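Q:
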Amino acid sequence: MGFSIALTLLLCPACSYHTQVDVAQGRLDSAAPSLGDGHVIGQTFTARRPNLSAIQVRLVVYGGEEVEGPITVHLRASPGDSTDLATASLDLTTYKHNVLLRFDFPPQRNSAGQRYYFALESAAPVSVWYNSWDAYGGGQLHLDGQPRDGDLEFTTYYRDDLAIMAHDLWQMSATWLTGLMAVMLVLLVPGYLLLECLPSPPDDDPLVNLALAVGLSLAVLPVGLQWLSVIGCHLSALFARLLFFVLTLFLLLRWARRGFADLRAWLALRNRRYSLAVGAVLGLTLVVRLLQVRGLVLPPWVDSVHHSLIAQLIVSEGQVPSSYEPFLPIARFYYHFGFHTQIAFTAWLSGLDVPTTILIFGQVLNAANALAVYLFATRLTGRRLAGLVAALVVGLVSWMPAYYVTWGRYTQLAGMALVPAALAQTIDATEMGGERRVVLAAVGLAGLFLTHARVAIFAAIFLGVYWVDSFLRTRRLAVGRVLAISIGAALLSLPWLVRLAETFVIALRASPQSLQGDAIYNRIPWELVWIGPNRELMFLAALGLLAALVRRQHGVVELTVTTGLVALAVNPMALGLPPTNLVNNLSAVIALYLPVSVGVGWLAVVGYDIVGRSLGRRLAQWMLALLLAIAGVTGGWRLIPIVNPVTILATADDLAAMAWIREHTPPEAVFLVNTWHWQLNIYVGSDAGYWIPILTGRRNTMPPAIYPAGDAGYVTKVNALAEAVSRADRLSEAEFRQLVRDAGATHVYVGSRGGALSPAWLIQYTWLRPIYQNGAVWIFEVISDRASFELSPQTGATCLRPVSDARSGACRLAGSYRRG
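The sequence shown begins at 65 in our numbering and counts up one residue at a time.
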């Protein structure tokens, strides 16, 4: 396998580099003068990465829709330097007003940290867009060689090659070493200890043991935290470190007593080939997952904010929260907390802040999904080759679950990593019995329920299909074992079941229609059904299903039937029933990678058997190894730039601003932040201002997206304020000033992504004073009527203690800025 991967890298010209965004300044409000009038428009900037290779601007066309002639960019060391480092020209005939112009040139190898200047020239009546107020801290707009206020709207790109990736991995490993070690302890030690209570699996596959250990670790920690909370225990970092020290020591002693048989199994002749092959897939998957988040300073998108809040609640309280108070005026907590428990333990062990812990743990967990699918495919088909191929599909070919990171979809990710182990343990307990197997199956199912209720529903449907099929095949069913597993799982999660039942009763009393779903919310996301290589994978999976029907491979057929029943469950309208928010099409569609990968894995087994019988086993092995290496390397390479830049709310400039806020604003400060309507009746923050409470301990005016769990009056007031802020630039000065008063705001924050609140609009008001500016990030202080501002918990302002004071950054005080 390793030789095949090396050969693939040498033969794959597509795997030489990616073109990635380096510097981006996306704000604009004005068109620069026409280049055709003899003007030269330029911009200085500081490259962050090596291999600077392209510059992109947005075209302005004066006097008509079509123009002719070239437009040329000159890359130079400075505005006063006449020597071109690179030039590039485009023919304007094929471009129209407002389109993007991208100039590619030979990469500047040592560009990282270097300051550059690019100038645009053309004889045609064209120009480019710019922002009239400073929006980029690493350079400045130039007109005819002279500096001017503002910055061009521009983007630079760099060639991301293997050398840069290796350097970045080395730096990440050094920076995140403590976190990675803590993640491994959390994911392995509890589960391996539980496995000591069971005999080794019948096939003695160490990869199965590893996958079961990860799944059981994900399950037992939230189950344990739940019961410790019931009896009134409050955990802490000291407790967590002592606990894991004792657990790790006990595990090592148990292994030593048995002569480290579990570890020696990895090198046994019967396991060596698959240990190396699956190990290579998992290792390459982890490398790809880490490379995907290199440039992120915080987990992406809106879900990550409330995941950080919940995890911080657990870290602060040391138990399952009973409410969101005092951080949100919501008296009842009923959000599944399994993933957040893992984050809390990892943060306690590593000492890292919660957002950084989520980034690290989330990507390792994403890679662990490939291992989980190996377990499931192997268990359903009885063939390790099916598991190997399924793991490769999930880790290095399919866009799911890799794309989860760009949404911050971490709770479903944890559920999908746990469900194969829970189902495998349940199948084993059903078929082989034994009190210990029943207990571990119950732990797995209870942990799954505490981690993600929707994935638990999918698992329940599969178990129903499996038990019915088992009865039809054998004419008997171990009813006692099924009842014991079900009752055990219910008892282990009983406190949470009671809390959810109480919550549902309260919700139904308040509104009998509260559980009825929204048709738009439950629409089928066809763009995700066919994302990436899904068409090809689904076609191969369909062939695998046909082969399973021919060979009577019940496990693959059961999984396919489950997929169909899940489709009905999320679309009850097909049965004449109303939609519900308990499950939806999005959750089901992004989980399709599990049945699809198993189907593809089974097709690979059938193909391998046919080729082996026809051409010989040795030739079939070499053909398979080369095919898998090509698929893994090329597929993994395509997955590296998977994070959607639209979902990145914060940049390094924002982190610097957060450090400044902690040091220079009073604890009672309240920040008005940008908002926008997300989905259903929910508003969210549109830039890093959304993160202010978690990162600084100051309050903001847009609570995390879990605020609809509050009472109707609170939700109405939050939405009214958020809706007003989302269109603030259309308000009169009097209306906006009243909005600021009603919000209780003492400051206004405009992040690097921005929104309706923009510096160019805010700076016109004499009662707002700019006190900080760094790149695109601006902070304004409200300098009048502040004494009359009172923060009410009903305004939607939120508060969290700061997670870490380790971040720092530079700032520029903006007292000298001119007003328009």
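We put the beta carbon where it would ideally sit given N, CA and C, even for glycine.
In this text, all values refer to a predicted model and were calculated from it rather than measured experimentally.
Should residue 551 be labelled buried (16 or more other beta-carbon atoms within 10 Å of its own) or exposed?
A: By one-based count along the sequence shown, residue 551 stands at place 487. The residue is exposed, with fewer than 16 neighbouring Cβ atoms inside 10 Å.
Q: Taking contact to mean at least 3 C-beta pairs separated by less than 8 Å, is the segment 91-99 in contact with the segment 226-242?
A: As far as the Cβ criterion goes, the segment 91-99 does not touch the segment 226-242, which means the pair count is below three.
Q: Consult DSSP for residue 63 and reduce its assignment to one of helix, strand or coil.
A: The structure shown does not extend to residue 63, since the chain spans only 65 to 884, so no value can be given for it.
Q: Go ahead and label residue 766 buried or exposed: buried means 16 or more other beta carbons lie within 10 angstroms of its beta carbon, across all protein chains shown.
A: Here the question's residue 766 lines up with position 702 in the sequence shown. Result: buried.
Q: Are the C-beta of residue 535 and some C-beta of chain D separated by less than 7 Å?
A: Going by chain labels, chain D is absent from the structure shown, which holds only one protein chain.
Q: If you draw a straight line from the C-alpha of residue 290 to the C-alpha of residue 440, how long is it?
A: Along the sequence shown, read from residue 1 onward, the residue named residue 290 stands at position 226. Along the sequence shown, read from residue 1 onward, the residue named residue 440 stands at position 376. Computed Cα separation, rounded: 27 Å.
Q: Would you say the segment 394-404 touches the segment 557-570, given that touching needs at least three Cβ pairs under 8 Å?
A: The segment 394-404, when compared against the segment 557-570, does touch it at the 8 Å Cβ threshold.
Q: Ends of the beta strand (DSSP E) at residue 845?
A: Residue 845 sits at position 781 when you count from the first residue of the sequence shown. Counting along the chain, the beta strand (DSSP E) containing residue 845 begins and ends at 841-846.
Q: Name, in chain order, the residues that DSSP records as bridge partners for residue 462.
A: Counted from its first residue, the sequence shown places residue 462 at position 398. None, per the DSSP bridge assignment.
Q: May I have the straight-line CA-CA distance separating residue 81 from residue 468, to the nearest angstrom?
A: Residue mapping note: residue 81 aligns to position 17 of the sequence shown, counting from 1. Residue mapping note: residue 468 aligns to position 404 of the sequence shown, counting from 1. Taking the straight line from one Cα to the other gives about 24 Å.
Q: Beta carbon of residue 103, beta carbon of residue 125: below 7 Å?
A: In the sequence shown, the residue the question calls residue 103 occupies position 39. In the sequence shown, the residue the question calls residue 125 occupies position 61. No, the pair does not count as a contact, with Cβ atoms beyond the cut-off.
Q: With DSSP as the reference, identify every bridge partner of residue 185, one or two as the case may be.
A: For the purposes of this step, residue 185 is identified with residue 121 of the sequence shown, where counting begins at 1. BP columns for residue 185 point to 136.
Q: Taking all protein chains shown into account, decide if residue 403 is buried (16 or more other Cβ within 10 angstroms of its Cβ) or exposed.
A: Position 339 of the sequence shown holds residue 403. It is buried - the Cβ of residue 403 has at least 16 other Cβ atoms within 10 Å.
Q: With 16 as the cutoff for other CB atoms within 10 Å, does residue 134 come out buried or exposed?
A: Working through the sequence shown from its first residue, we reach residue 134 at position 70. It is exposed - the Cβ of residue 134 has fewer than 16 other Cβ atoms within 10 Å.
Q: Spatial neighbours of residue 638 within its chain, please: C-beta separation below 7 Å, excluding the five flanking residues on both sides.
A: Position 574 of the sequence shown, counting from 1, holds the residue named residue 638. Once the five neighbours on either side are set aside, the close Cβ partners of residue 638 are 632.
Q: By the three-class DSSP mapping on this structure, what secondary structure does residue 724 have?
A: Stepping through the sequence shown from its first residue, residue 724 is reached at position 660. Helix, per DSSP.
Q: Here's a check: name, in chain order, each residue in its chain whose Cβ is nearer than 7 Å to the Cβ of residue 155, leaving out the five neighbours to either side.
A: Mapped onto the sequence shown, residue 155 falls at position 91. Counting only Cβ-Cβ distances below 7 Å, and skipping sequence neighbours, we find 134.
Q: So is residue 230 buried or exposed if we call it buried at 16+ other beta carbons inside 10 Å?
A: Residue numbering aside, residue 230 sits at position 166 when the sequence shown is read from its first letter. By the neighbour-count rule (16 or more Cβ atoms within 10 Å), residue 230 is not buried but exposed.
Q: So, helix, strand or coil for residue 532, using DSSP?
A: Counted from its first residue, the sequence shown places residue 532 at position 468. Helix at residue 532.
Q: Count the other CB atoms within 10 Å of the CB of residue 743; is the residue buried (16 or more) or exposed (fewer)?
A: Translated into positions along the sequence shown, residue 743 becomes position 679. Residue 743 is exposed by the Cβ-count criterion.
Q: Nearest to residue 480 by CA position, among 655, 199, 847, is which residue?
A: Looking up residue 480 in the sequence shown gives position 416. Here the closest residue by C-alpha is 655.
Q: Pick helix, strand or coil for residue 383, following the three-state DSSP scheme.
A: For the purposes of this step, residue 383 is identified with residue 319 of the sequence shown, where counting begins at 1. In this structure, residue 383 counts as coil in the three-state DSSP scheme.
Q: Could you give the DSSP three-state label for residue 256: helix, strand or coil?
A: By 1-based counting over the sequence shown, the position of residue 256 is 192. It is helical.
Q: Measuring CB to CB, does residue 358 end up less than 7 Å from residue 222?
A: Taking the sequence shown and counting its residues from 1, the one referred to as residue 358 is at position 294. Taking the sequence shown and counting its residues from 1, the one referred to as residue 222 is at position 158. Not a contact, by the Cβ cut-off of 7 Å.
Q: Given this structure, state the Cα-to-Cα distance separating residue 547 from residue 254, to the nearest angstrom.
A: In the sequence shown, residue 547 corresponds to position 483, counting from 1. In the sequence shown, residue 254 corresponds to position 190, counting from 1. Approximately 26 Å between the Cα atoms of the pair.
Q: With a threshold of 7 Å on Cβ separation, who are the neighbours of residue 627 within its own chain once the five nearest residues in sequence on each side are excluded?
A: As a first step, residue 627 must be located in the sequence shown, where it is residue number 563. So the qualifying residues of the chain are 659.
Q: Counting only the same chain and skipping the five closest in sequence on each side, list residues whose C-beta sits under 7 Å from that of residue 246.
A: Locating residue 246 in the sequence shown gives position 182, counting from the first residue. Answer for residue 246: 410, 413, 414, listed in chain order.
Q: Label residue 585 either buried or exposed according to how many other C-beta atoms from any shown protein chain fall within 10 Å of its C-beta, with 16 as the threshold for buried.
A: Residue mapping note: residue 585 aligns to position 521 of the sequence shown, counting from 1. So residue 585 ends up on the exposed side.
Q: Please look up how many angstroms separate the CB atoms of residue 754 and residue 369, rounded, as I've assumed it's under 8 Å.
A: Along the sequence shown, one-based indexing puts residue 754 at 690. Along the sequence shown, one-based indexing puts residue 369 at 305. Contact flag correct, Cβ pair sits at about 6 Å.
Q: Which residues bound the beta strand (DSSP E) around residue 838?
A: In the sequence shown, counting from the first residue as 1, residue 838 sits at position 774. Counting along the chain, the beta strand (DSSP E) containing residue 838 begins and ends at 832-838.
Q: For the structure I just gave you, are there three or more beta carbon pairs, one from the segment 164-174 and one from the segment 196-210, closer than 8 Å?
A: Touching, no, given that fewer than three Cβ pairs across the two stretches are closer than 8 Å.
Q: If you check the beta carbons only, do residue 736 and residue 807 fall under 7 Å apart?
A: Taking the sequence shown and counting its residues from 1, one reaches residue 736 at position 672. Taking the sequence shown and counting its residues from 1, one reaches residue 807 at position 743. Against a cut-off of 7 Å, the Cβ pair of residue 807 and residue 736 comes out as a contact.
Q: CB residue 380 to CB residue 419, shorter than 7 Å?
A: As a first step, residue 380 must be located in the sequence shown, where it is residue number 316. As a first step, residue 419 must be located in the sequence shown, where it is residue number 355. For residue 380 and residue 419, no; Cβs fall outside 7 Å.
Q: Which residues bound the alpha helix (DSSP H) around residue 356?
A: Mapped onto the sequence shown, residue 356 falls at position 292. Taken as a continuous stretch (DSSP letters only), the alpha helix (DSSP H) holding residue 356 covers 333-356.
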